[in-house]
Each structure stands twice: as structure tokens, then as C-alpha cells.
Amino acid sequence: MSEASPPTVLVTGALGQIGTELVSALRERYGSDSVIASDVREIENHPIINNGRFLTADVLEKDSLKAIIEDNDVSIIYHLAAILSATGEQNPELCERVNIGGLANVLELARVYDLRVFSPSSIAVFGPDCPDHAPQITPLNPTTTYGKTKVSGEVMARYYWEVHGVDVRGLRYPGLISWKAPAGGGTTDYAVDIFHHAIMSGKYSCFVGPNTRLPMMYMDDAIRATLELMDAPTESISDARGGYNIAACSFSVTELVAEISKVIDPFECTYSPDIRQEYADSWPDSVDDTEAKNDWGWTAEFGLEKLVNEMLTNLTRAREVEA
Ligand code: NAD
Ligand code: SER
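Using numbering that gives the first Met the number 0, the first residue of the sequence shown is number 0, and each one after it goes up by one.
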């Protein structure tokens with residue numbers, strides 16, 4: 000008996016921090032031929048380009064996306080193309096255009112071609128009036144343009160589900176920590192950069208202050224959450240489909256430094272807060288992910304200690320291989 004052929008999956012923004020790992024996970028699951036990675040840029044010798052199908056595509060060019068979907072019979076889109084918070088506040092017009100305009104194109108094509116969509120949201124949807132431990136349902140009044148685009152994205156996702164029946168799902172990712180690809184211009188990038196500097200020089204100058212505490216997650220947890228959400232039966236997905244809170248750990252920079260210092264000694268962190276401090280201060284310390292746990296069984300595997308050990312071990316090994 001022949002097995003059903005796998006769906007064709009398109010990933011936008013595939014060369015970024017998440018795409019680099021999500022595309023590999025999707026290729027393992029569906030096979031390399033069934034996963035098309037795409038991005039507005041090309042990066043020489045990028046593993047995602049070297050190890051499977053890759054197309055250059057700007058999510059603002061709807062006709063190009065349409066042609067890719069039609070030519071390849073795409074049935075699922077993981078829409079990762081976006082401008083993150085720090086870069087977005089430097090160029091709010093671009094941030095709105097890519098984050099809202101790109102998603103509008105994807106959702107409209109999903110309606111026409113009956114596609115399933117993953118559309119990430121962020122802890123940046125919360126603003127200063129949100130409790131320190133952010134509930135799933137709370138006023139969403141972000142101060143950043145990036146956060147506003149993510150609130151709009153959640154609203155658009157719910158609209159396309161309720162009015163057009165498009166099966167679109169999203170997660171409010173915390174700050175993501177990973178070693179395979181650099182962080183892409185966000186406020187939480189310090190929690191990635193710090194590991195590189197700790198290994199290279201034993202020193203780091205942090206752009207937010209020592210008491211800054213934010214929700215964070217190791218990339219392995221984030222990729223698993225993404226796949227688990229997309230695998231969940233439709234009937235288990237609630238009104239939170241535009242952006243489920245998911246939590247793994249929450250720590251201050253001081254706590255992160257203390258954990259890194261257990262492995263890299265001496266390690267010195269100094270502080271030179273810039274505008275990104277304001278963005279970080281407008282976000283909650285932690286999030287309540289009860290709804291994700293109840294609806295589709297979410298549970299994190301990486302706390303602070305495990306995450307730090309994984310980051311230092313893997314980055315050290317990667318540097319040795321490169322040397
Ligand atoms: P990233 O910046 O690392 O990658 C984004 C990719 O999108 C880049 O490769 C970029 O070239 C591409 N891109 C930008 N404009 C494009 C366009 N017009 N057309 C096609 N591609 C374009 O971002 P990431 O960290 O991988 O984030 C992916 C998604 O997850 C985004 O929606 C982001 O808001 C969300 N998110 C990320 C984090 C995090 O900590 N990384 C946290 C919360 C939410
Ligand atoms: N990590 C992301 C950022 O800092 C949050 O969405 O922009």
C-alpha cells in the first residue's frame with residue numbers, strides 16, 4: 000500500500016534565527032523535497048540553502064508568493080518573515096509594511112488556496128498596563144511599533160479564521176535563545192550575544208540593565224511548541240489561536256550572568272543600557288501559559304541552567320569545528 004505523499008510546506012523568512020532551525024525540523028519530518036525555504040535575502044553557504052529547496056521571495060510581492068504556491072501545490076505556510084523590535088523601532092514604516100502587509104498577503108493567499116498558516120506573535124504584544132505575569136487575556140497596549148504590528152497580526156489571524164475559516168495559528172514567542180543562527184535585531188538579542196562574548200572574551204557589555212527580567216525560551220522548546228501547535232486538532236484550538244502565551248523560563252540579566260559564571264570563570268558583565276531598555280521595560284517579566292497547556296498539552300523542557308549549559312557546550316563545539 001502506498002503512503003500518502005507529504006504536504007508541500009513553504010517557509011517565509013527562512014534564513015532568520017527561527018527559520019534556520021524550523022526548516023531543518025520540517026525537512027526531517029516531511030523530507031527535503033517537500034519543504035521550500037524562502038527569504039528576501041540570500042546568504043552564501045547557508046545550510047538551509049545548501050541542504051534543500053530555496054527560493055528568493057519578498058512577502059510584499061503577493062504575485063511572487065502566489066506563483067510559488069501554485070507552481071508547487073503548497074498547502075502549509077510557516078510565515079516567519081518580519082522586522083523585529085529593535086530594527087523595527089529604527090524603521091517603523093518598514094516594520095509596519097513587512098509585518099502587517101506581508102501577513103495580509105499570506106492570509107489572503109491562504110483564503111484563496113485553502114492553506115494552513117503558522118504566524119508568530121510575540122511577548123511584544125503586551126504593554127506597561129499588563130500585569131508582571133502576563134495572562135493570556137489582558138489589554139494589549141504595546142508601546143513599540145513592532146508590538147502594534149503583532150497585535151494587528153493576532154487580530155487579522157482571528158478574523159481570517161472566524162470569517163473565512165482559514166486555519167491560522169500563532170504563538171507569542173518569548174525571547175528566543177539559540178546558537179545555530181544569530182538573533183535578528185530584537186530587544187532580547189542580549190540573551191544570545193552574551194554567550195558569544197562570554198566564550199570569546201569572558202566579558203560582555205549589556206545593552207539592558209542587570210535587573211531586566213523577561214520571559215525567555217531555548218530554541219529547541221520553541222521549535223517543538225511550533226510543531227505541536229500545528230499538529231493539534233482544530234477542535235482543541237481556542238480563541239487564543241492568534242497568539243498563545245507559551246512560557247519556559249524567566250530570568251534577570253544578573254541571574255543569567257551568575258549561571259554563565261558557573262561555567263566560564265572569570266566572566267565579567269558591564270551595563271550600558273540604551274533605547275532597548277525602554278522596550279524591555281514595557282514587556283512583562285513572565286507569561287501565564289495555562290491555555291496552551293490545557294488546549295494542546297504544551298510543556299517546556301529547558302529551564303535556565305539547562306539552557307545555559309546547552310548554549311555554552313554547543314557554541315564552544317561549533318567554534319572548535321570552525322577553527
Ligand atoms: P529574524 O529577523 O532572525 O528573521 C526574519 C527573516 O525575515 C530574515 O531572514 C529576513 O531576511 C526575512 N525578511 C525580512 N523582510 C522580508 C520580506 N519582505 N520578505 C521575505 N523575507 C523577509 O527573525 P526570527 O527571530 O527568525 O523571527 C521570526 C518570527 O518570529 C517573526 O515574526 C518574529 O516577530 C517572531 N518572534 C521572534 C522572536 C525571537 O526572539 N527570535 C520572539 C518573538 C517573536
Ligand atoms: N525577541 C523579539 C524581539 O526582541 C520579541 O518579539 O524583538
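Quick reminder that beta carbons are idealized off the backbone N, C-alpha and C, glycines included.
Small disclaimer: the values here were computed from a predicted structure and weren't measured.
Here DSSP, grouped into helix, strand and coil, assigns Arg-168 to strand. The straight-line gap separating the alpha-carbon atoms of Asp-220 and Leu-213 is approximately 16 Å. Counting other Cβ atoms within 10 Å of its Cβ, Ile-42 stays below 16 and is therefore classed as exposed.
Unbroken beta strand (DSSP E) stretches of 3 residues or longer found wholly inside the stretch 12-96: 34-38, 52-55, 73-78, given in chain order. Ala-85 is positioned such that its CB atom lies closer than 8 Å to that of Arg-275. Per the CB criterion, closer than 5 Å to any heavy atom of ligand 2, the qualifying residues run in chain order as Leu-83, Ser-84, Ser-121, Ala-123, Gly-174, Gly-185, Thr-186, Thr-187. Judged by beta-carbon spacing, Leu-25 lies within the 8 Å limit of Val-8, meaning their Cβ atoms are closer than that value. Around the beta carbon of Glu-20, 16 or more other beta carbons sit within 10 angstroms, so the residue counts as buried.
Judged by DSSP secondary structure, Lys-179 falls outside any beta strand (DSSP E); it is assigned neither H nor E.
Ligand 1 never approaches Leu-54 closely enough for any of its heavy atoms to be under 7 Å from the residue's Cβ. Here DSSP, grouped into helix, strand and coil, assigns Lys-261 to coil.
Taking 7 Å as the cut-off, the C-beta of Ile-17 counts as close to a heavy atom of ligand 1. When rounded, the separation of the alpha-carbon atoms in Lys-202 and Met-229 is 40 Å.
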